[in-house]
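Undergrad:
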Amino acid sequence: MRTSQKRQVSILLPNKQHLDCNVRVRARGQEVLNRVLKQLGVSELQVLGLAVLKDNEYLFVDLDQKLSKYFGKTWKRGSLMVPFILFLRVQYYVESGLLIMSSKVQQLYYAELRQKVLLSKSRHQEAVFFQLAASALQAEVGDLEEREEEEDEEENRKYRLYFLPEDYFPSWLIKRRGQDFLLQHCPGLHAELRGVTRGQAILQFIKEAGNLQDGAVTFYRMRQEKKELRSVILLGVASKGVHIYQEVEGKLCLLYDLTWTHVDRLTFQGSRFEISAVGSLCLPQLVFYTASACHSKHILTHLRDSHRLHINTKAAVCCIQQLENMQASHLYKEAYICDTTRLAQRLQTNSLSSSKSDCSVAIQTTTAWSKEEECEEEQVREFELCVDEPEEIFVDEVLWTAEQSVDEPLIFPSSYWTAVAMEMKQVLRRRTDEGVSVD
Numbered sequence: 001m002r003t004s005q006k007r008q009v010s011i012l013l014p015n016k017q018h019l020d021c022n023v024r025v026r027a028r029g030q031e032v033l034n035r036v037l038k039q040l041g042v043s044e045l046q047v048l049g050l051a052v053l054k055d056n057e058y059l060f061v062d063l064d065q066k067l068s069k070y071f072g073k074t075w076k077r078g079s080l081m082v083p084f085i086l087f088l089r090v091q092y093y094v095e096s097g098l099l100i101m102s103s104k105v106q107q108l109y110y111a112e113l114r115q116k117v118l119l120s121k122s123r124h125q126e127a128v129f130f131q132l133a134a135s136a137l138q139a140e141v142g143d144l145e146e147r148e149e150e151e152d153e154e155e156n157r158k159y160r161l162y163f164l165p166e167d168y169f170p171s172w173l174i175k176r177r178g179q180d181f182l183l184q185h186c187p188g189l190h191a192e193l194r195g196v197t198r199g200q201a202i203l204q205f206i207k208e209a210g211n212l213q214d215g216a217v218t219f220y221r222m223r224q225e226k227k228e229l230r231s232v233i234l235l236g237v238a239s240k241g242v243h244i245y246q247e248v249e250g251k252l253c254l255l256y257d258l259t260w261t262h263v264d265r266l267t268f269q270g271s272r273f274e275i276s277a278v279g280s281l282c283l284p285q286l287v288f289y290t291a292s293a294c295h296s297k298h299i300l301t302h303l304r305d306s307h308r309l310h311i312n313t314k315a316a317v318c319c320i321q322q323l324e325n326m327q328a329s330h331l332y333k334e335a336y337i338c339d340t341t342r343l344a345q346r347l348q349t350n351s352l353s354s355s356k357s358d359c360s361v362a363i364q365t366t367t368a369w370s371k372e373e374e375c376e377e378e379q380v381r382e383f384e385l386c387v388d389e390p391e392e393i394f395v396d397e398v399l400w401t402a403e404q405s406v407d408e409p410l411i412f413p414s415s416y417w418t419a420v421a422m423e424m425k426q427v428l429r430r431r432t433d434e435g436v437s438v439d
């Protein structure tokens, strides 16, 4: 009997909804992505990506590869009756929600952060969770109605019971403080946000979630020794660099906090993953072990692309921070609101929303997903600092360089970053002297 030439794929979204589509047996990741874009009604996903769950970790799909590479033999034996599961997840975290041009994509980004906050283990950042809960309530409930002081305690209690603590706080915090404490104090913080629009509350939540230790971070589990059975090391990929934690009795202990300028080289050979810091930090070479060579290759690619996104959005982030500072100081508030629209045009000009090579989930990666046998070959891949025959990318009057090849090492020496920082400061200083607006 001939196997059906179609496969049913179900894509689980961060907001707990799902999309379904039928694709060809030989379909590639891009075909599923196109279906997702059409059903969501957006032109691109920017910071979101399709992922599979492999060895209890989410690995992002290379859009140029066939789906059979990810689902193995079950894909060939499959039918329309049993769906194959993909996940739409945040692939690249950003420093500001304003960098996400589509409101639908921004809401999905927010939805995933909401779930991550509920699972957070950042027990030493209790105050942040109250601010996050207040922002989430403002985004989802709206303004808390003003009420005069009631003498009737029962009426006051009913007034506070408009949300469930487990929907806004992690379980350990509920256990520590108790539901009554959260129901008593959270409404006060929520009331302070009266008048803040839903969109502004979402942006505020995204910004505050970035302050959590395990908020806007993608974690990959690693082992300290090759023969260890338990992976206690977590390598976190964030917008500004790499965080390395050790899990001790369910708590995350920060071992190393490396910004991109602190990283000199990333290499892997099989499951062995090495991180070399710049010499000025006087750190030893960090060696860890992943689940497989395929995991190592995936992590290296994710780090490389996150680094590129950081470079290409750096000038826009600086602009956004200046605008936010103006708003915080209550100066030129009307200009700030107007500039937000122009900021969108600026981001598009800088290829922050339209570029498919650097900022979109449709990144055409040259690192191919290979079979498990191919992944176990003892070949070394590197991501280092380099400017040899680079592809040039202009971002806001500053020349950023990036080597696109994976077969050749990516190299950006630490001195390069110093020069870039100095040039950026000169550009901003020159604009200030000329009286040019930051937008």
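Position 262 (the sequence shown) corresponds to 262 in the UniProt record's numbering; numbering is contiguous.
Think of the CB as a built atom: it goes at the ideal place given N, C-alpha and C, for glycine as much as any other residue.
1. DSSP three-state call for Asp167: helix, strand or coil?
2. Sort out for me which residues DSSP pairs Tyr220 with in a bridge.
3. Go ahead and pull the three-state DSSP assignment for Ser135.
4. Using C-beta distances below 8 Å, list every residue in its chain close to Ala134, excluding the 5 sequence neighbours before and after it, in chain order.
5. With H, G and I counted as helix, E and B as strand and the rest as coil, what does DSSP make of Lys16?
6. Can you name the start and end residues of the beta strand (DSSP E) that Asp257 belongs to?
7. Grouping DSSP H, G and I as helix and E and B as strand, with all else coil, what is Gly191?
8. Look at the Cβ atom of Pro14, then the Cβ atom of Leu108, and state whether they are nearer than 8 Å.
9. Can you grab the Cα-Cα spacing for the pair Arg7 / Phe71, in whole Å?
10. Which same chain residues end up closer than 7 Å to Leu119 when comparing Cβ atoms and leaving out the 5 residues on each side of it in sequence?
11. List the whole-angstrom C-beta distance separating Val263 from Ile244, where the pair is believed to meet the contact cut-off of C-beta under 8 Å.
12. Can Ala201 and Ala139 be called in contact, C-beta distance under 8 Å?
13. If you follow the alpha helix (DSSP H) that residue 444 is in, where does it begin and where does it stop?
14. Quick check on the burial criterion: 16 or more other C-beta atoms within 10 angstroms. Buried or exposed for Glu146?
15. Verify whether the separation of the beta carbon atoms of Val61 and Val52 is less than 8 Å.
16. How big is the Cα-Cα spacing for Asp143 and Arg198?
17. Between Tyr289, Thr261, Cys294, which has its C-alpha nearest Ser280's C-alpha?
18. Tell me Phe84's beta-bridge partners as DSSP assigns them.
19. Compare the beta carbon distance of Ser122 and Gln213 with 8 Å and say whether it is the shorter of the two.
20. Would you check if the region 12-28 and the region 91-98 touch, i.e. whether three or more CB-CB distances between them fall below 8 Å?
21. Of all the beta strand (DSSP E) runs that stay within the bounds of the region 94-139, which reach a length of 3 or more residues?
22. Just to check my reading of the structure: Val32 and Val23 have Cβ atoms closer than 8 Å, yes? What is that Cβ distance to the nearest angstrom?
23. Roughly how many angstroms separate the alpha carbons of Glu249 and Gln125, rounded to a whole number?
24. Where Ser10 and Phe84 are concerned, what is the direct C-alpha to C-alpha distance, given to the nearest angstrom?
25. Got a sec, what are the start and stop residues for the alpha helix (DSSP H) Lys69 sits in?
26. What is the C-beta distance between Val237 and Thr259, in whole angstroms, given that I count them as a contact (C-beta under 8 Å)?
27. Reducing DSSP to helix, strand and coil, say where Cys319 ends up.
TA: Working from what's here:
1. Judged by DSSP in its simplified three-state form, Asp167 adopts helix.
2. Answer is Leu235, bridged to Tyr220.
3. Look at Ser135 here: in three-state DSSP terms it is helix.
4. Only Cys186, Leu189, His190, Glu192, Leu193 meet the Cβ criterion.
5. When secondary structure is reduced to three states using DSSP, Lys16 falls in the coil class, being assigned neither helix nor strand.
6. First-last of the beta strand (DSSP E) with Asp257: 251-259.
7. Per the sequence shown, the amino acid found at residue 191 is Ala instead of Gly. Judged by DSSP in its simplified three-state form, Ala191 adopts helix.
8. Yes, the pair counts as a contact, with Cβ atoms nearer than the cut-off.
9. Here the alpha carbons of Phe71 and Arg7 stand approximately 11 Å from one another.
10. Closer than 7 Å at Cβ, skipping near neighbours: Pro170.
11. Between Ile244 and Val263 the Cβ distance is about 11 Å, and since that is not below 8 Å, they are no contact.
12. In contact: Ala201 and Ala139 (Cβ atoms closer than 8 Å).
13. Because the chain spans 1 through 439 in this model, residue 444 falls outside it and cannot be assessed.
14. Looking at its Cβ environment, which holds fewer than 16 other Cβ atoms inside 10 Å, Glu146 is exposed.
15. Yes.
16. Between Asp143 and Arg198, the C-alpha separation is close to 10 Å.
17. The shortest C-alpha separation from Ser280 is found at Thr261.
18. Partner residues in the beta bridge of Phe84, as assigned by DSSP, are Val9.
19. Going by C-beta atoms, Ser122 is nearer than 8 Å to Gln213.
20. In this structure the region 91-98 does not lie against the region 12-28, because fewer than three pairs of beta carbons, one per stretch, are closer than 8 Å.
21. Within the region 94-139, no complete beta strand (DSSP E) run reaches 3 residues.
22. Val32 to Val23, Cβ: 6 Å. Contact.
23. So the two alpha carbons sit approximately 18 Å from each other.
24. Each residue's Cα considered, the two are about 6 Å apart.
25. Membership of Lys69 in the alpha helix (DSSP H) is indicated by the continuous run 68-71.
26. About 13 Å separates the Cβ atoms of Val237 and Thr259, ruling out a contact at the 8 Å cut-off.
27. Helix, per DSSP.
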